[in-house]
Amino acid sequence: MPRRADVLAGLPQDEQDLLRPLVYTTNKFWIAAGILGLICVWGLISYIQQLRYGLGTTGLNQPEYWGIYIIDFVFFIGISHAGTLISAILRISNAEWRRSITRSAEFITVLVIGFGAVQPIIDLGRPDRMLNIIRHAQPLSPLLWDVVSIGLYFWSCTIYLYLPMIPDLAIIRDRGIKMPRFYRILAMGYTDTPEQRHLLEKIIGILAIVVIPIAISVHTVIGWIFALTLRPMWHSTIFGPYFVMGAIYSGIAALLIAMSILRKVYRLENYFKDIHFNNMGILLLLMSCLWTYFTFAEYLTAFYGQEAAEMRTFWDKLSGRFAPTFWIMVVSCSVIPFFLMCRKKTRKVAGTTVAACFVVVGMWLERFNIVVPTSVNPRLDLYNSGSYAPSWVEIGIMAGTFAGFILLYMIASKFFPMVSIWEVREGRECIAEVVTRVSSYLPGTLAPTGSPTPEILTSQ
Amino acid sequence: MTRWGMVIDLDRCTGCRACETACSMENNLPIINDEQTAMGRSISWMKILSQVSGDFPNTKTEFVPRPCMQCDNPPCTKVCPVNATHQAEDGIVAQIYARCIGCRYCANACPYSVKYFNYYEPQWPESMKSRLNPDVSLRPKGVVEKCTFCRHRLQKARERVRAENRPLAESDFQPACAESCSSKAITFGDLDNSSHRVHDLSRGPRASRMMEDLGTQPKVLYLKKEV
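So the protein sequences, as listed, match chains R and H.
Take 0 as the starting number for the first sequence in numbering that gives the first Met the number 0 and just add one per residue.
Take 0 as the starting number for the second sequence in numbering that gives the first Met the number 0 and just add one per residue.
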């Protein structure tokens, strides 16, 4: 379409770079989308099979009541902490380097929550009675707290994604590069007047603060689902904070992977620079240290008490049937990310991406190591060998939900710029302001606003 | 207020599993095939746990019959999101099969592993179908079930004594397992009623509860060997 190409060519550089994916679609995109679509169909067929014959089609049994679905539930909701928490914290702390990464992070959050929230429903024996949770709500059940906090989280994150996108939607509407009616509706008549901009920034500022406690509550409650039972290695006060920390950790890793893919496929090297990967890598390093600390604290507490029921699960993890998954988890969550991220040389695109991939795999295994070993070692020692092997139905559904998330993310990148155009532009405009702000941290007289001259730093 | 409870004398239990069988028949437990049983999906509301100790030939086997403990402070009812498992006013922990959404949270919360899940639509051989107990509802696939102390018998007994205009006696309400126990290891009755045998047995020096330290306060008590 020459007209669109002309329009695009006439735009400022930022808009050209960031709107190009909305206009042009490569064959590779279609091939990838096709493959992912097929995997989704596989997942769907698996689920239909499960609906028809019952949960007997899974590998679940007694005492292994919860398996892949609950693992994926915890994992996906964990990944969703990428967007909101990271973008909100960076916004509040005025970290200027956030500008090009918040949008892609927020999209991960909103798109992955759905895939996470659907997992416990897939796991239900009677999904047809799902609404009983509302009709016969039993407020003391942590599952109910979960429904409330995830619902609240989903809507607040969606608003938190949508509002900062309005100026970009208005840009797309004004440039007329695509589906004018769709973007006219979405842009809600935004014209970027100073009043509108001021109001928008104010609301974003408030939302950024509000979403943080909501995000923390979500994974705390998920931790409590396990911790509030009397099961060995679940019944632990550390689980709330441990889950939140792990969620942020896996979220950062997922965001790093998304950034490095977006950077490559949409040629966004100017927006996702080494400095972004470096800074995110430092966050990853911090989280890997925290993860190691929390994990050590948890296992030491269990070990030191030497309670028989706890020790069965404990040794099953450390040296028993789950030793492979346990030690792969430790290596991928502690050792590899730590040694890759503690050196500036490897804190570049390739290094952070490799570390992030290990973290994502390691964090999935962590969820596995929480759910399964405790399940197969119930307190009542009547099963010599409770065991669990996921069936093809479970694997199909898991593959389908992973593919579904990636596919939705790809599709979203065709309709919405994955880097915030207006925030990057605003970043360029506010360099003077930042210099003033930084100089105000220092002793001496305050610089007059809008004079980014270095002399103010030495004027005293 | 009645507190239905059970006292099981471990010294008397021979491990004959008559209680398991009587329970399956009474409560319409589905017949699980060998393949599913090997996967750990068999259902046995009353289960004889056995523990072998010592080295051959000097081995010793101990049996512990395990019904639902009918806790006074049940960990399962708290976590149920839909109140499908709840404590009835007579203290029995009941399960509403028609409401259960099958999340299996209660099954995970129970320290005694008494909760069972219907992984498939329950099945019986053709010859058994006409012999199912009409007093006990059949469970569909996808819900959790467990021992109810044969509560349907209590309902029948109440109707009977009301018609006969007399108070409920100990012998009016006995669960299938207690009835079938050939060595009379299982005693059942109102723990708070001094005319019932369980009243004194549960207060005797041999009585203890399973995993007492968890604070679940089971209404099933075990009489251990006198030393």
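Heads up, the beta-carbon is just placed ideally off N, CA and C, and yes, glycines get one too.
Contact with chain H is found for threonine 228 of chain R, since one of that chain's Cβ atoms lies less than 9 Å from the residue's Cβ. Linking glycine 222 of chain R to serine 182 of chain H through their CA atoms gives a straight-line distance of about 46 Å.
About 4 Å separates the beta carbon of leucine 339 of chain R from that of alanine 354 of chain R, a gap short enough to meet the 8 Å contact definition.
Under DSSP, tryptophan 290 of chain R takes part in no beta bridge, so it has no partner. Of the other Cβ atoms in all chains shown, 16 or more fall within 10 Å of the Cβ of aspartate 189 of chain H; this residue is therefore buried. Cβ neighbours of phenylalanine 153 of chain R within its own chain (closer than 8 Å, five residues either side excluded): Val109, Ile112, Gly113, Ala116. Selection R/Gly250, R/Tyr159, R/Ser249 evaluated against isoleucine 205 of chain R yields R/Tyr159 as nearest (Cα-Cα). Of all C-beta pairs linking the segment 188-197 of chain R to the segment 132-149 of chain R, fewer than three are shorter than 8 Å, placing the two stretches out of contact.
When R/Phe106, R/Met164, R/Asn93, R/Ile224 are compared, the shortest CA-CA separation from valine 146 of chain R is found for R/Ile224. Taking 4 residues as the minimum length, the alpha helix (DSSP H) runs contained wholly in the segment 132-202 of chain H are 150-163, 175-179, 196-202, in order along the chain. Per DSSP, reduced to three states, the secondary structure at leucine 48 of chain H is strand.
In the structure shown, glutamate 88 of chain H adopts coil according to DSSP, grouped into three states. At a beta-carbon threshold of 8 Å, none of the residues of chain R lie near tyrosine 221 of chain H; the nearest stands roughly 13 Å away. Distance from the Cα of alanine 349 of chain R is smallest, within the candidate group R/Ile274, R/Arg427, R/Arg230, for R/Ile274. For the segment 110-125 of chain H, residues whose beta-carbon sits nearer than 9 Å to a beta-carbon of chain R comprise Pro110, Tyr111, Ser112, Val113, Lys114, Tyr115, Phe116, Asn117, Tyr118, Tyr119, Glu120.
Sixteen is the threshold: since fewer than 16 other Cβ atoms of the shown chains lie within 10 Å of the Cβ of lysine 263 of chain R, the residue is exposed.
Along the segment 53-85 of chain H, going in chain order, the ones with a CB nearer than 8 Å to a CB of chain R are Arg65, Pro74, Lys77, Val78, Cys79, Pro80, Val81, Asn82, Ala83. Contacts with chain R (Cβ-Cβ distance below 7 Å) from the segment 32-51 of chain H involve Met38, Gly39, Arg40, Leu48, listed in chain order. Spatial neighbours of histidine 198 of chain H in its own chain (CB-CB distance under 8 Å, excluding positions within 5 residues in sequence) are listed in chain order as Gly188, Asp189, Leu190, Asp191, Asn192.
Here the segment 121-128 of chain H makes no contact with the segment 98-107 of chain H; the two share fewer than three CB pairs at distances below 8 Å. About 6 Å separates the CB atoms of valine 423 of chain R and serine 99 of chain R; that is less than 8 Å, so the two are in contact. Sorting R/Ile394, R/Val243, R/Ile335, R/Phe302 by C-alpha distance to the C-alpha of tryptophan 41 of chain R places R/Ile394 at the top. Put simply, the backbone Cα of arginine 97 of chain R is about 7 Å away from that of arginine 90 of chain R. A straight line joining the alpha-carbon of valine 330 of chain R with that of phenylalanine 357 of chain R spans about 9 Å. Setting aside the 5 residues that flank it on each side, histidine 218 of chain R is surrounded in the same chain by Ile76, Gly77, His80, Phe242, Val243, Ala246, each with a C-beta closer than 7 Å to its C-beta; the list follows chain order.
A direct Cα-Cα distance of roughly 49 Å separates alanine 162 of chain H from asparagine 376 of chain R. Judged by DSSP in its simplified three-state form, valine 418 of chain R adopts coil rather than helix or strand. From the beta-carbon of glycine 101 of chain H, the residues of chain R found nearer than 7 Å are Leu123, Gly124, Arg125. For aspartate 8 of chain H, the uninterrupted beta strand (DSSP E) segment begins and ends at 3-8. What alanine 93 of chain H touches in chain R, judged by beta-carbon distance under 8 Å, is nothing: the nearest beta carbon there is about 14 Å away. Between tyrosine 115 of chain H and serine 43 of chain H, the C-beta spacing is below 9 Å.
Taking 9 Å as the cut-off between beta carbons, the residues of the segment 129-155 of chain H near chain R are Pro139, Lys140, Gly141, Val142, Val143, in sequence order.
Per the C-alpha coordinates, the member of H/Ala108, H/Val81, H/Gly90 positioned closest to leucine 229 of chain R is H/Ala108. Under the Cβ distance rule, leucine 139 of chain R counts among the residues neighbouring chain H, one pair being separated by less than 9 Å.
Contacts with chain H at 9 Å (Cβ-Cβ) include serine 374 of chain R.
Per DSSP, lysine 77 of chain H is one residue of the alpha helix (DSSP H) stretching across 74-78.
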